[in-house]
Structure formats: structure tokens, C-alpha cells
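Asks: Add 635 to a position in the sequence shown, counting from 1, and you land on the number used in the working numbering.
Ideal Cβ positions, reconstructed from N, Cα and C, are used throughout, including at glycine.
The structure presented is a predicted model; accordingly, all values stated were derived computationally and were not measured.
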Amino acid sequence: MFQPLCLLLLAALSWLAAEGDVVIDRGMYHRDGEYDFELWIPKGFGIRKPDKGEIGYFSGDAGGGYAIVLAVGDWSSIQQFVRRRKASALDLFPGCEIEAHEGLEAGGRAAALVWYRKLDKTEEWKADELIVAAAELRGGEVLEIKIHLEKGRGKKALAEARSLLAGFKWSGERGLDLFLGARVLDINSGLSYRLPRDFEPEQGEGLVVAARKPEGVSRLTISRAVEPEVDRALHGAGPHRQRRGHSWKFPAAEGAEARGAIYGADAEGGIERVQVLVAVRPPNGPVFLLSAVGPASCEEALTRTAELVGLGFTYTDVPAAREEAMHAASTLAAAVRHQHAAAAEKAIAVLARCSFLAAARSALGAALDELRDPEALAAAAVALGESGAADAFDALLRAARNARNRKHVKLMAVLMAALGQVQDARAIPLLLSNVGQGDVEVQAAAIRGLGLYRAHDVKVLKPLVQVMAREETASRKPDLAARERWQLLKPAYVEALRNLTGQVFGSAGEADAWLRGRR
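#1: With DSSP as the reference, label residue 716 as helix, strand or coil.
#2: Given this structure, state the Cα-to-Cα distance separating residue 1155 from residue 1148, to the nearest angstrom.
#3: Would you check if the distance between the CB atom of residue 683 and the CB atom of residue 673 is smaller than 8 Å?
#4: Exposed or buried, what is residue 1119 when buried is set at 16 or more other beta-carbons lying within 10 Å of its beta-carbon?
#5: What does DSSP give as the partner residues of residue 856 in its beta bridges?
#6: Under three-state DSSP, which class holds residue 980?
#7: Determine the extent of the beta strand (DSSP E) in which residue 752 is found, giving its start and end residues.
#8: Comparing C-alpha positions only, which one of 831, 856 and 835 sits nearest to residue 843?
#9: Can you look up residue 952 in the DSSP assignment and give me helix, strand or coil?
#10: So does the segment 965-984 actually touch the segment 938-947, counting three or more Cβ pairs closer than 8 Å?
#11: Look at residue 1078 and residue 1019 and say whether their C-beta atoms are less than 8 Å apart.
#12: Give a yes or no on contact between the segment 895-905 and the segment 827-837, applying the rule of three or more CB pairs nearer than 8 Å.
#13: How many Å lie between residue 642 and residue 884 at the Cα?
#14: Short of 7 Å in beta carbon distance, which residues of its chain neighbour residue 695, apart from the five on each side in sequence? Order them along the chain.
#15: Within 10 angstroms of the Cβ of residue 1027, are there 16 or more other Cβ atoms? Answer buried if so, exposed if not.
#16: Measure from the alpha carbon of residue 910 to the alpha carbon of each residue in 1004, 997, 930 and 1048, then state which is nearest.
#17: Whose C-beta lies closer than 6 Å to the C-beta of residue 660 among residues of the same chain, with five residues either side of it excluded?
#18: Based on Cα-Cα distance, which residue from 704, 769, 961 and 703 lies nearest to residue 735?
#19: Expressed to the nearest angstrom, what Euclidean distance is found between the alpha-carbon atoms of residue 1075 and residue 742?
#20: May I have the straight-line CA-CA distance separating residue 868 from residue 838, to the nearest angstrom?
#21: Residue 790 by DSSP, collapsed to three states: which one?
#22: Figure out for me which residue from 995, 990 and 1047 has the closest Cα to the Cα of residue 1012.
#23: Flag residue 1062 as yes if its beta-carbon sits less than 8 Å from any beta-carbon of chain D, otherwise no.
#24: Pick out the complete alpha helix (DSSP H) segments inside the segment 1111-1139, 4 residues or longer, and give them in chain order.
#25: Please classify residue 1057: does DSSP put it in a helix, a strand, or coil?
#26: Just curious, the beta strand (DSSP E) that residue 895 is in, first and last residue?
#27: Given a cut-off of 8 Å, decide if residue 707 and residue 777 are closer than it, judged by their beta-carbon atoms.
#28: Pairs of beta-carbons, one from the segment 1106-1115 and one from the segment 1085-1097, closer than 8 Å: are there three or more?
#29: With DSSP as the reference, please indicate the residues paired to residue 1142 in a beta bridge.
#30: Are three or more beta carbon pairs between the segment 955-969 and the segment 985-1000 nearer than 8 Å?
#31: Using a Cβ-Cβ cutoff of less than 7 Å, which residues in the same chain neighbour residue 1069 once the five nearest sequence positions on both sides are dropped?
#32: Can you tell me the Cβ-Cβ gap for residue 891 and residue 917, rounded? I've got them flagged as a contact below 8 Å.
#33: For residue 1032 versus residue 1002, is the C-beta distance shorter than 8 Å?
#34: Determine the contact status of residue 745 and residue 779, defining contact as a CB-CB distance below 8 Å.
#35: Please classify residue 658: is it buried, with 16 or more other beta-carbons within 10 angstroms of its beta-carbon, or exposed?
#36: Does DSSP classify residue 637 as helix, strand or coil?
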């Protein structure tokens, strides 16, 4: 989704950007395809080949440091990472001073900063100080952003580390599920968007008006621009005299444009506020404007949120989609009658793009009842699940209960995931019945599916933690199969519980203690 629009190659730089890196005004936009994240490297740092065990190395002299190193480790949780990093630092450098900043977030996940001072220089270790920014990835993996410093430059580098965490986000739709809510398409404008999970729709002028709870923290407004060009739309929308600095272009989907600017905003309740305005033209669509208003102290977070939501904009020609869906529904019905799997999959791919239409979902549901090819069935289930529509539930539930379908592991895993996406409480018993037994792939999908039922966490949390405890206890016995099963399932439990509670638990015991404390 976030493929850069263009590469701004700066002739003054003596190094070349690696694949996935884009040099822009605010520094280098770095994407990691293996671990599915992206962030901004401060201006002035160039790429150097990483050493063994590292996934990125940037050298320079900006932000108070002369090296930024990226690495990934399996720490189970950010809390465990901080504890163990403190202990190992004191073992290596007994006289060092450690300052930890915990309880932070990066891209909607847990994060922390650890600042080490008074380190002993050696031939291999040339830094006096070190700041490590840590962000949770998936399944207990932690991204370490190490900033190597010279003495006395730590405060500036600490600010840069915070900026790195504020700019951290996930690549693609799947990686953003913990931060953004379900995709919504506005039929009248053709705009499709995803709002942050902690924003709730409100009344007001514009296509979408949403506010973060509790009241007054920040507000998002989306509207269609009058101007047909991104630059003109952005220039004509903000309070010019209150503009702060220049506007900036940021990477957008292929064929799209995106630009942002920051303005002053009227104070509210004595709190100084700012407005981040983003103009986005999705591929083949008109220009849309997104305004994010909040406290001036949250400017960086507001900016990244506005960019992230704006980059998720897509445009659909609704009248053309209706016509396309009608033709695909007829093709699919014929393919189902003849059990022609290849033709069915082609028609399902078209209907998946149109699944915001009730007629498309109806055709997909009918196919889910009648098709026998597991791959075609899985494609239909994915399309219905990703629609998130309430009327997709019945067909998905029937398919999950079908004895013939239960023979196919990958299909059942897809159905568990889809039932999680539609978030109908009637699916909870079936999902729970697939947790703790059966194939690991199906079980993991059911666990992650339950993790999406945040509105029904009271029904889900206790039984989920109970099964997790049984699996974890079994893994401690001299049973290789149980240990391997736990290794495969633990990431699913960690992700589901993080989504339901906002907490990262390294064990079932930690999760159970948290549940008892909440009562």
C-alpha cells in the first residue's frame, strides 16, 4: 500500500539508497519487507552495509549521534527487553548509568527507550553513550533502534529516538490491524478509509468526523477537496497566516499523491492546539482532505496519524463497480453450477473488490454454500471476511460448520480468520471450540480471530487465558510435540491478548494476574 510515489535522489549524497529506502526532505523513509515495518531515518544519515545480526545500519552525524543500527530479537515483551538489557549492560559496563523510558507506543504497539551513559570505549566499542529505542513487532519479536553517541550529545539524540518511534508504522493492511479499525467505504464519494481504533465517529461537516475518546484529545475530519490538484487543495484549505513551516510531500501508493502541512489552531480550554492538514489524491480519484487537530504537545503523533490514515485512502468508482459486480455474480453462478474452480476464482477476485456492495456479498455467500474446491472456497471466505459486513456472517458460519470443509486445514484457518473479522458475537463459541485442539494453523487463526472481539472481551479473555495456560504448562513437560506446538501458538496468544487488553504478556501467568487485578 505504501509504495513511494517517487525517489527524490539527492546528488549531494555520496551513497545510494537501498531497495525500500526513499530520500526525502525529512530524511530517509526506510521500509523493511521482511519484518513489515517502516520509519524515518533522520536527515544526514547514509546507508552502510549492516553487520551480521543487524537488519540496517545508517552512519552520519545528525541528531546527536553518528550511527543508527537496526536489529531484531525475540524478547517476548518490551518489559522483558528492558529488564534484560539493563542487566546485561551492568554486566558489561559496571559503572554505566541507565535511564529507562517505558510505557511508550510506536505504531500502536508497546515501545520503550533506554539511555546508557558512561560506557567504556574500546577499539570495537567506540561510543561513550548509547540510546536504544525498542518497538514491539509480532509474536514477541522486538525491533531495536540503537543510536551510538559521543559524550554530551544524549539529550538531542533522545529527542531523535522519540521521533523515530513516533514515525514507526506497519507496512500494508495486515500489519496495521492493531492500530487502524475496519475499512469503510463511503458510497456517495467513493472514498475508502480506515480510522485509528480509538477514534469514534461524531456529527459534523464533512464526509467523516471522528474524535478520540476521552473528549478533547484530538479530532479527525475528512472531506472532498474543491480543488482538483493536491498542492492547490492544501494551499487553499488552511489558515495561511498560522502556517508553521513548509508543506511536505510524503510517499504514497503508486499513482497517488500526498502532501501535508502544519498550522496553528485555536486554543481549547487553555490548551494550545495544532492542525495537521493532509491532501491526498488516491489513484484514479479526486483529492480528499484530512484534518487532525489536537494539543501542540502531540504534534508529532498527530502528524504521523494524519499521514497514516491519509495513505490508506483508496477510491472506488461506485457506479462502475455495481456493473462489474453484476457481471461477475452471473459468471460465478455459472461456475458454481459446473464446479469450475478456475472460473469461480476469477469471478470471486472481482467480487472481492466490490464486497462493499450487498449484491456482491450475496453472490459470494451463495458460492460459499455450494462450491467444493477448497481454494475457491477460501478465496470467497477471505473476501467476505475482509468486507467486515454483518450480512457475511451466516454464510461464513455455515461454511465453518460444514463437515466437508473441516477436512481442509488451510480453508478452516481462513474461515476462523474471517469469523474474527466480522466480529459477530455468535461466532465466539465456535472460535473457542477451535482453540486448544486440532491443527495448529487452525488453532492460531481462531486465537487471532478472537483477538479482534474487543467489544466482547469479557466473554473472550478468561477462556482464552485458561487454554493458553494449559498449552504453556504442557510445553514444560518432556514432550517435544507440545513444546513445538507452544512455540507456534505463543505468538498468536501474545497478539490476541495485546489486541484485547492493550498489554503485552510474556506468559499465561502474567495475563491471569492482570485479569485478576482488573476485577
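Replies: From the atom records:
#1: Collapsing the DSSP output to three states places residue 716 in a helix.
#2: As shown, the chain starts at 636 and ends at 1154. That puts residue 1155 outside it, with no answer to give.
#3: Going by C-beta atoms, residue 683 is not nearer than 8 Å to residue 673.
#4: The residue in question, residue 1119, is exposed, as its Cβ has fewer than 16 Cβ neighbours within 10 Å.
#5: According to DSSP, residue pairing for residue 856 in a beta bridge involves 844 and 926.
#6: When secondary structure is reduced to three states using DSSP, residue 980 falls in the helix class.
#7: 744-752 is the extent of the beta strand (DSSP E) around residue 752.
#8: Ranked by how close their Cα comes to the Cα of residue 843, the residues 831, 856 and 835 have 856 in first place.
#9: Here residue 952 sits in coil by DSSP.
#10: The segment 965-984 makes no contact with the segment 938-947: fewer than 3 CB pairs, one atom from each, lie closer than 8 Å.
#11: Cβ atoms of residue 1078 and residue 1019: not closer than 8 Å.
#12: No, they do not touch.
#13: Here the model assigns residue 642 a pLDDT of 23, short of 50, so the residue's position is not dependable, and the following value carries that caveat. One alpha carbon belongs to residue 642, the other to residue 884, and they sit about 11 Å apart.
#14: Within the same chain, residue 695 has close Cβ partners 679, 680, 681 and 701.
#15: Buried is the call here.
#16: For the options 1004, 997, 930 and 1048, the alpha carbon positioned closest to that of residue 910 is the one of 930.
#17: Any answer about residue 660 is weak, because its pLDDT of 44 lies below 50 and its placement is not dependable; what the coordinates show is given next. Closer than 6 Å at Cβ, skipping near neighbours: 883.
#18: Among 704, 769, 961 and 703, the Cα nearest to that of residue 735 belongs to 769.
#19: Cα to Cα, the separation comes out at about 28 Å.
#20: So the alpha carbons of these two residues sit roughly 24 Å apart.
#21: Of the three classes helix, strand and coil, the one that applies to residue 790 here is helix, per DSSP.
#22: Taking only the C-alpha atoms, the option nearest residue 1012 is 1047.
#23: Although the question refers to chain D, the structure presented lacks it and comprises just one protein chain.
#24: Those alpha helix (DSSP H) runs which fall completely within the segment 1111-1139 and span 4+ residues are 1115-1136.
#25: In the structure shown, residue 1057 sits in a helix (DSSP, three-state: H, G or I).
#26: Boundaries of the beta strand (DSSP E) around residue 895: 892-903.
#27: Yes, these two residues count as a Cβ contact at 8 Å.
#28: The segment 1106-1115 is not in contact with the segment 1085-1097.
#29: According to DSSP, which records beta bridges pairwise, residue 1142 is partnered with nothing at all.
#30: Short answer: they touch.
#31: Here the set comprises 1051, 1077, 1078 and 1081.
#32: Sure, about 5 Å apart at Cβ, within 8 Å.
#33: It is not a contact, given that the beta carbons lie outside the stated cut-off.
#34: Taking 8 Å as the cut-off, the beta carbon of residue 745 is found no closer than this to the beta carbon of residue 779.
#35: Here the model assigns residue 658 a pLDDT of 43, short of 50, so the residue's position is not dependable and the matter cannot be decided.
#36: Note that residue 637 scores a pLDDT of 27, beneath 50, so its modelled location is shaky; the value from the coordinates is reported in the next line. Looking at residue 637 - three-state DSSP - the assignment turns out to be coil, as it is neither helix nor strand.
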